[in-house]
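With positions in the sequence shown counted from 1, the corresponding number in the numbering used here is that position plus 1.
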Amino acid sequence: MITAEQVKAAVEAAGITRIEHHDCGMCGYMTAYLVEDGKLYFDPGCDCRWAGAPEPRDWRDAADWINMQSQPDIKARLAKAFGIDLPPADAA
Ligand SMILES: [Zn+2]
Numbered sequence: 002m003i004t005a006e007q008v009k010a011a012v013e014a015a016g017i018t019r020i021e022h023h024d025c026g027m028c029g030y031m032t033a034y035l036v037e038d039g040k041l042y043f044d045p046g047c048d049c050r051w052a053g054a055p056e057p058r059d060w061r062d063a064a065d066w067i068n069m070q071s072q073p074d075i076k077a078r079l080a081k082a083f084g085i086d087l088p089p090a091d092a093a
């Protein structure tokens, strides 16, 4: 299990400021998590489903997003996007 603290520490250590989430099913805009001054935001980007402005998110949300992945390769890739090198045993 990845913890919120782990995600925050890894992102900061790697200097990551943007983590792609998924493309909008309606317009194709790539939504993403943004990191600014140690805080996490979610950028819905377009106005198709939510208001377009980035909104604050808890680091817990990012950790949950990684933890909920059932496919090891996807989970590892996602963790990597946050700067976390997931040992194969943890990904399974
Ligand atoms: Zn859209």
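Here a beta-carbon is modelled for each residue, glycine too, at the ideal position from N, C-alpha and C. Quick caveat, the model's predicted, so the values are computed rather than measured.
Rounded separation between Y34 and P73 - CA only: 21 Å
Unbroken beta strand (DSSP E) run spanning L41, endpoints: 40-44
For A54, the three-state DSSP class (helix, strand or coil): coil
Distance cut-off 8 Å: D44 Cβ against heavy atoms of ligand 1: no
Rounded distance between the beta-carbons of W60 and L41, thought under 8 Å: 5 Å
For M27, the nearest candidate out of Q7, P45, I85 (CA to CA): P45
Helix, strand or coil at I67 [DSSP, three-state]: helix
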